[in-house]
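Below is one structure, written out as structure tokens, with a few remarks after it.
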């Protein structure tokens, strides 16, 4: 009987003794174990979901890049997305931002798809098992941090490549008196070098917090129903209604965080290209 | 007070920062809406700045959340 198996499966996901273990969903587990030269290069669930995100990205783009004179629905979607990023780059950087549009577009779309895939409730697909859950690759600092360092490196390379050592004038806003500059330069310096950290941290924490929230309320539903019909009505039903709202909010957050990451990358690029 | 209780109390105190950042985020969107209703034609051009303000206000709340998580799960 699938219901009994389901109940047993769900109970194991809520840790023993009624304690909720919201951090369990973030464990990176190897799917195919690989070791080379003393390093663990296993194919993990994180890598799997990033590969799925890449496949979705490819499928979405290839399906829409038809260059038809009268675009169909799919081509409209792809053109809407590329147009959105192109427009953002033009308003924030100007005509020179055109060169960096492919990078920011790939960044934006990859983060967006990773965020959405993390919210995908694959536990309801029976053959995968009730404990199967999708993995938000962007809920790990190792992923978002690398993306942030990538953006920051491009900013540094472009900045020093275009302006040479004049790039350091970024730390002293134009027309600052020298006694103010002594104060402002260290502050600007710190705020510049904290950028990759804050960029990666924002995305990772926003996704982690959302998933913890969903996990906690999901556990409330299960433990409430296990405790009896009274608790089910008192605890599980409000939790269930709340989780619908939170899921909608999380879809919004997934889109906003991808947008904010791309927006801040374009602003930092603007600093590097046009200085202050 | 033993360490376990102190940790839980500390995490709860750190959560105050999350609530305060909610005030900040609400203020960003509230002020935007207030002025956008006065001059709807100029509102679309300021959407980028709206999200920069949102990101800055939200980051501090998220850092407060990180502090709570570090206290609960990382600090020994």
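Protein chains in written order, with the working numbering: chain A, 2 to 277; chain B, 19 to 94. All C-beta atoms, glycine included, are put in the ideal place defined by N, C-alpha and C. Nothing here was measured: the structure is a model prediction, and the numbers come from that model.
Between residue 78/B and residue 46/B, which are expected to be in contact by the criterion C-beta below 8 Å, what is the C-beta distance as a whole number of angstroms? About 12 Å separates the CB atoms of residue 78/B and residue 46/B; that is not less than 8 Å, and the two are not in contact.
Answer yes or no: the CB of residue 55/A versus the heavy atoms of the ligand GTP, is any distance below 7 Å? In the structure shown, the ligand GTP is absent, as is every other ligand, since no ligand is present at all.
Among the residues of its own chain, which have a CB less than 7 Å from the CB of residue 62/A, if the five just before and after it don't count? Same-chain partners within the cutoff: 79.
Report buried or exposed for residue 9/A, applying the criterion of at least 16 other Cβ atoms within 10 angstroms of its Cβ. Low confidence applies to residue 9/A: its pLDDT is 41, below 50, so where it sits in the model is not reliable, and the reading given next is rough at best. Under this definition residue 9/A is an exposed residue.
Under 7 Å between beta-carbons, which chain B residues line up against residue 24/A? List them in chain order, please. One finds 91 in chain B with Cβ atoms closer than 7 Å to the Cβ of residue 24/A, taken in chain order.
Given 8 Å as the limit, is there contact between the segment 48–59 of chain B and the segment 167–181 of chain A, that is, 3 or more CB pairs closer than that? Taking 8 Å as the limit for Cβ pairs, the verdict is that the segment 167–181 of chain A does not touch the segment 48–59 of chain B.
Please decide whether residue 60/B counts as near chain A, where near means a Cβ-Cβ distance under 8 Å. No, its Cβ sits nowhere closer than 8 Å to a Cβ of chain A.
Helix or strand or just coil, what does DSSP make of residue 41/A? In this structure, DSSP gives residue 41/A an extended state, which the three-state scheme calls strand.
I'd like to confirm the pairing. Which residues does DSSP put opposite residue 31/A in its beta bridges? DSSP output for residue 31/A lists 45/A as bridge partner(s).
Nearest by alpha-carbon distance to residue 38/B: which of 20/B, 24/B, 83/B is it? The residue with the shortest Cα to Cα distance from residue 38/B is 83/B.
Determine, using beta carbons only, whether residue 93/A comes closer than 8 Å to chain B. Judged by the 8 Å Cβ criterion, residue 93/A is in contact with chain B.
Where residue 1/A sits in the DSSP three-state scheme: Shown here, chain A extends from 2 to 277; a query on residue 1/A therefore has no answer.
Drop a sphere of 10 angstroms on the beta-carbon of residue 237/A, count the other beta-carbons inside from all chains shown, and report buried for 16 or more, exposed for fewer. That one is buried.
Does the structure place the segment 71–88 of chain A close enough to the segment 103–110 of chain A that three or more beta carbon pairs sit under 8 Å? Judged by pairs of C-beta atoms under 8 Å, the segment 103–110 of chain A touches the segment 71–88 of chain A, as three or more such pairs exist.
Candidates 45/A, 241/A, 156/A, of which the one nearest residue 34/A by Cα: Out of 45/A, 241/A, 156/A, the CA that lies nearest to the CA of residue 34/A is found in 45/A.
How long is the line joining the alpha carbons of residue 118/A and residue 270/A, rounded to whole angstroms? Each residue's Cα considered, the two are about 28 Å apart.
Residue environment, residue 263/A, which counts as buried when at least 16 other CB atoms sit within 10 Å: Flag for residue 263/A reads buried.
Exposure label - residue 13/A; buried when at least 16 CB within 10 Å: At residue 13/A the pLDDT is 44, less than 50, meaning the model places this residue with poor confidence; the figure from the coordinates comes in the next sentence. It counts as exposed.
Can you find a C-beta in chain B that's less than 8 Å from the C-beta of residue 199/A? Look at residue 199/A: its C-beta is under 8 Å from a C-beta on chain B.
Give the residues of chain B in contact with residue 203/A, contact being defined as C-beta atoms less than 8 Å apart. Within chain B, the residues near residue 203/A are 73, 76, 77, 80.
Anything in chain B within Cβ reach of residue 207/A, meaning under 7 Å, just list it in chain order. Residues of chain B passing the Cβ test: 80.
Indicate whether at least one CB of chain A lies closer than 8 Å to the CB of residue 84/B. So yes, residue 84/B belongs to the interface.
Please list, in chain order, all residues of the same chain as residue 198/A whose beta carbon is under 6 Å from its beta carbon, the five residues on each side excluded. Contacts found: none.
What does a CB cutoff of less than 7 Å around residue 6/A pick up in its chain, not counting 5 residues either side in sequence? Because the pLDDT at residue 6/A is just 41, under 50, the model does not fix this residue reliably, and the value given afterwards should be weighed accordingly. Nothing listed; no residue qualifies.
Taking the alpha-carbon of residue 274/A as reference, which of 28/A, 207/A, 161/A has the nearest alpha-carbon? Its Cα nearest to that of residue 274/A, the residue 161/A stands out among 28/A, 207/A, 161/A.
Residue 37/A versus residue 188/A: straight-line alpha-carbon distance, rounded: C-alpha of residue 37/A to C-alpha of residue 188/A: approximately 44 Å in a straight line.
Along the segment 34–64 of chain B, where does the CB come closer than 7 Å to a CB of chain A? Name the residues. Answer in chain order: no residues at all.
Could you say if the segment 191–207 of chain A and the segment 141–157 of chain A meet the contact criterion of at least three C-beta pairs nearer than 8 Å? Cβ pair count under 8 Å is three or more, so yes.
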